[in-house]
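Chemist: Chains as they are written, first to last, in full-length UniProt numbering: chain A, 1 to 527; chain B, 1 to 813.
We put the beta carbon where it would ideally sit given N, CA and C, even for glycine.
Please find one structure pasted underneath; my questions will follow.
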């Protein structure tokens, strides 16, 4: 018996070498394509780039939320991103619904910022503060000049130039518009109604007077940043002004918006996280309800925490959940679910640097439950270990999923941000909290974001698992490392064992013929 | 003797291991082009007409997803009723098109059922009465009998599609089609009156088109069917039916672009009839081994480098070489503007910044390590005009060579072309050309390009964000006397003047500002008083968006101003339409990496008067040779004045640096950055498409030649970052040669000893030269990467052991 082992081993050695190379991927991916929101595009684009190294190809066209929802319903994309759910019927009476079975899941949070270009002489104003009412009046043509007394009053009596205000609004069907108008409709109903004639939100901004329209967030930013943009103000996700350099080499400023806590605040990842602790996410509905997980932001608008940024919201992905969806395949569902696994987990860690805010644990968990529906639609989709426990998310507290770590770390606003105080002289749009707190993080994510910070410190939040390591004790002996189904046969961890086995077998392969020949010779006694 | 056999066996085993661990090494080297000539025929009632069609494909081996093949042909029948969009169903109405498809199978096994089309229309024919069911009259079917329709629709035939997994899609309704229908697939190319034509075709692997399923293990082919018309037998059917199946073209060769509906028998629809399918020219394709990819569940936190998009394609290939090695770290490149990335690095948010020029570090000590040599290009997609000025049909095809000088770029960027009638009302530039197409300066350089003015030719799609790329592009313009004279107000020889909003604009600049305030004079523009020229330029924040726009020929021009019915906003602005095939003209600023990856043509730029330089390794080397370092561990600068004097240097050559702090950075971060620089400048500079390799569009940085100073500088910075000495930087002259790649080689490089039964030579050279690292590692497989040296050593030990065993056995016997 022992004599034959080397031969067998030799054969095995060859097979092993073969198998190592032939099965490059146990999980196969097919390219997926999405369309929709430009609000969340800046971070989604980076996630796309990141998962490329995992073999996942994602295409995305930021053609606006409205078009994204339409494309999804028409089966011309694999997923859509939208700030608002299907509305049933849109403002021009067109159908806005999907017969293609779908589920919503939140993918990232952020603040709808108001960026502007306002110069005094040649210097850009960078510390403008406005109340919600003033902003609403600006976007409903009630306040039309920068020297308006109401603006002056809110800025500690500072007089701004006699210059017409030019609001820049989205010309295409936009989720950013929907979020902004939803807030106006809820908070400043009569102003909004008398301007727009409607009581609720709209995706198509009713442009009147001096307003300029632009398609897509990039073009809104272009209009405001243009040399001709003096006097303009527009609504846009915070990441756009943050990454846009003005002529003086600094990023574009954003308006500090007055919250119900009496402070003027900027949509940093912290202030957004604080505000969204009051978002009511429809987890009360059954999972198969079309509105499951959609957001009710009324609590956000009125939250009286001094740090809360009132126009904070989530962006949603719309995914196809039918097992018979005609454009979906196992490989596409695998790509979509793994893309989402990345986005919901590690991808959140760079939300801050890009001008967004990470999702709290409860929403990540709810998101995963939605991703599981892709697995339910197609049992061949491998979701093993791709859950909240393998996640690196800076806002996690494993012990209390409803707690937002980031919101707790959020520094209090500086005294000069108080409504009654003279305005702070510091610049906005720098992605830096305006605070007097010496211990506050000076830049977003410094102490929290493992993906952005190259060297996560061991602390309250485990950078790799987002503190869920602690929670793993509660998962009834499900060790995190027990990987049942390998994602890829040559996962790094497997290299060494295979190398050792391989090497051993190769030794056998080389020595076996000699041994065998010797054995034969010994038996026969002759050469 | 026996010893020798054993040695041989060991060698064979080693060779086998080595071979299996390596990816196919056949790099695209020009030998994988394809050309074939075939006599294609149509037989109508016994009379045969024939053509000798030659089809050439520029490359066919080791293809990757979305790679573009350049296909050209001659000897074919000229196309008529040309369509604006030859993709999908709209291309079918043309007469005598060249049907180009990707099909699963080898030339021996392809069949219409394994050819992918993007919708039902391309594989289906239906008639009302059966008289025009011409496929039934084709005598070439086996047994001269047309197959029956799988859809069981009367007077209809549909070619089913068989997916790679064996699943059959009948294509009878839109519920029964393959799931991949988002990307255009087949192409119905246009043949000139002279019988020639050309098209670029994007191939798909199983990643992009799972149902088609092409991969390194599943053979696929490019199938080209020159439409001759379906053969037709008078004895089958009555006179009316014969008239249908024997018909020729309705329109004259060369006509097109309108509501044409060609004669059925010679349209694209019937590529699958037996007589037409027989005429196919089948080009075998091979696909590259997919690279090993990072594990999604890898819990190591990524080490984030933030900045330049120029490095995107290299980062994509590099990152698996890090993540697949447990001894390394998880490299991640987060793309954003150079300045934003630099700021994150300064604030310890990023391990390193990826930038292309010196940025203000304030009080921090920052060192720059050259990490890759690449650059920008002026990408374009231009179709040759289908007609000349007098309306006569022309050869058509795509323009693959374009020359631009600095003044033309200045004209485009300063928005000095009027674009259309609205823009022509801009005071001061009323008599300027509508677009570059009408500009005599451009026409003289590019006699092939279309000369009719159009808004797409009035702008260069560029970046809205601050970027080192924009800075270098504008620095190139700034060093051109004619271009600056134009910007400063001088008329060009044809009398064109600069848009007054940009007169005297200071260059170079990191951000190209949108300065024009002109608003159109029509009702629509009065209702939408946005600056017209800013909307025409419509720059974007990501270079990749420009690449995508060029691939899709979808300009980003936002000046479409239209009246809307029943809408709250009556007049609305929007993006102009995607361009029709055969009529495309678009220019955009792209990275050389993207241009190579997606097959985007890049213009030659003028250096000395009348000399135009394309981005090649030679021209990039020449530019690198002109670069001067500002000081130890600082960036190199390329003086565009020197480029202007050189007839060989490409002006868009750029170095991407890893910038990191040399003081107060935590040790592990510093080590990661240093090892990244060392790995990137050694094994990361070995050209190839595998993991860890340097993709096309990048010039390798090596120890010798023009890039030697870059290599040396990189190692110095790596050392400085690793050392983290916060002392005031002493101005020590560069001390090269002492590069100790400590963190570089995690897998112990055990050089193979002489293959003999003697004691393994223990004289391992300790000073491994970094440059040779790449060659010792497998291009794609990280398995081989670790295993090869280990196995090599072990195999030798094995050989040794067998000798020992033999001695032992011998001594016992």
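How big is the Cα-Cα spacing for residue 213 of chain A and residue 537 of chain B?
Modeler: 16 angstroms
Chemist: Please report whether the beta-carbon of residue 31 of chain A lies at a distance below 8 angstroms from any beta-carbon of chain B.
Modeler: yes
Chemist: From the DSSP output, in three-state form, read off residue 610 of chain B for me.
Modeler: coil
Chemist: Mind pulling the chain A residues with CB within less than 9 angstroms of residue 516 of chain B?
Modeler: 226, 227, 228
Chemist: Helix, strand or coil for residue 546 of chain B? Go by DSSP, reduced to three states.
Modeler: The three-state reading of DSSP puts residue 546 of chain B in helix, counting H, G and I together.
Chemist: Give a yes or no on whether the C-beta atoms belonging to residue 706 of chain B and residue 621 of chain B are separated by under 8 angstroms.
Modeler: yes
Chemist: Residues in the same chain with beta-carbon distance under 6 angstroms from residue 107 of chain A, minus the five sequence neighbours each way, listed in chain order, please.
Modeler: 315, 317, 343
Chemist: Using 8 angstroms as the limit for Cβ to Cβ distance, is residue 541 of chain B near chain A?
Modeler: Closer than 8 angstroms to some Cβ of chain A, the Cβ of residue 541 of chain B qualifies, so yes.
Chemist: Keeping to the same chain, check which residues put their C-beta closer than 7 angstroms to that of residue 553 of chain B; ignore five residues upstream and five downstream.
Modeler: 381, 578, 579, 584, 586
Chemist: Around the Cβ of residue 8 of chain A, are there at least 16 other Cβ atoms within 10 angstroms (buried) or fewer (exposed)?
Modeler: Caution is warranted here: a pLDDT of 47 is assigned to residue 8 of chain A, below 50, making its placement in the model unreliable, and the coordinate value is therefore given only provisionally. Its Cβ having fewer than 16 others within 10 Å, residue 8 of chain A is exposed.
Chemist: CB-CB under 6 angstroms to residue 696 of chain B, same chain, minus the five flanking residues each way: which ones, in chain order?
Modeler: 596
Chemist: Could you check how far apart the C-beta atoms of residue 332 of chain B and residue 50 of chain A are, in whole angstroms? I think they sit under 8 angstroms.
Modeler: 6 angstroms
Chemist: I'd like to know whether the C-beta of residue 500 of chain B is nearer than 8 angstroms to at least one C-beta of chain A.
Modeler: no
Chemist: Near residue 193 of chain B, what residues of its chain come up, given a Cβ to Cβ distance below 7 angstroms and the 5 sequence neighbours on each side ignored?
Modeler: Excluding residues within five positions, the ones whose Cβ falls inside 7 angstroms are 78, 253, 254, 393.
Chemist: Find out if the Cβ-Cβ distance for the pair residue 305 of chain A, residue 282 of chain A is shorter than 8 angstroms.
Modeler: no
Chemist: Residue 88 of chain A and residue 36 of chain A: beta carbons closer than 8 angstroms?
Modeler: no
Chemist: Please say whether residue 68 of chain B and residue 288 of chain B have beta carbons closer to each other than 8 angstroms?
Modeler: no
Chemist: Just the Cα atoms here: how many angstroms apart are residue 280 of chain A and residue 260 of chain A?
Modeler: 18 angstroms
Chemist: How many angstroms separate the CA atom of residue 266 of chain B from the CA atom of residue 172 of chain B?
Modeler: Each residue's alpha carbon lies about 24 angstroms from the other.
Chemist: So, residue 659 of chain B versus residue 190 of chain B, is the Cβ gap smaller than 8 angstroms?
Modeler: no
Chemist: Determine contact between the segment 261 to 276 of chain B and the segment 86 to 97 of chain B, defined as no fewer than three beta-carbon pairs at a distance below 8 angstroms.
Modeler: Yes: the two stretches touch, three or more of their Cβ pairs being nearer than 8 angstroms.
Chemist: With DSSP as the reference, label residue 627 of chain B as helix, strand or coil.
Modeler: coil
Chemist: Is the shortest distance between the beta-carbon of residue 336 of chain B and the beta-carbons of chain A less than 8 angstroms?
Modeler: yes
Chemist: Of the choices A/410, A/352, A/402, A/131, whose alpha-carbon is the least far from that of residue 274 of chain A?
Modeler: Among A/410, A/352, A/402, A/131, the Cα nearest to that of residue 274 of chain A belongs to A/410.
Chemist: Please classify residue 46 of chain A as buried or exposed, where buried requires at least 16 other C-beta atoms within 10 Å of its C-beta.
Modeler: buried
Chemist: On the three-state DSSP scale, how would you describe residue 150 of chain B?
Modeler: coil
Chemist: Runs of 3 residues minimum, wholly inside the segment 174 to 230 of chain B: which ones carry the beta strand (DSSP E) assignment?
Modeler: 187 to 189, 197 to 202, 220 to 226
Chemist: Buried or exposed for residue 751 of chain B, going by 16 or more other Cβ atoms inside 10 Å?
Modeler: Residue confidence for residue 751 of chain B is low, a pLDDT of 31 falling below 50, so the modelled location carries little weight and cannot support an answer.
Chemist: Alpha carbon to alpha carbon, what distance is there between residue 430 of chain B and residue 503 of chain B?
Modeler: 16 angstroms
Chemist: For residue 412 of chain A, which residues in the same chain have their Cβ closer than 7 angstroms to its Cβ, ignoring the five residues on either side in sequence?
Modeler: 306, 307, 435, 437
Chemist: With DSSP run on the structure shown, which of helix, strand or coil describes residue 601 of chain B?
Modeler: Correct three-state label for residue 601 of chain B: strand.
Chemist: Examine chain B for any beta-carbon lying closer than 8 angstroms to the beta-carbon of residue 350 of chain A, and answer yes or no.
Modeler: Yes, because at least one Cβ of chain B sits closer than 8 angstroms to the Cβ of residue 350 of chain A.
Chemist: Give a yes or no on whether the C-beta atoms belonging to residue 86 of chain A and residue 97 of chain A are separated by under 8 angstroms.
Modeler: yes
Chemist: Between which residues of its own chain and residue 443 of chain B is the CB-CB distance below 7 angstroms, once the five residues before and five after are set aside?
Modeler: 451
Chemist: Under a CB-based cut-off of 8 angstroms, is residue 373 of chain B close to chain A?
Modeler: no
Chemist: Once DSSP output is grouped into helix, strand and coil, what is the label at residue 313 of chain A?
Modeler: The answer is strand: DSSP assigns residue 313 of chain A an E or B state.
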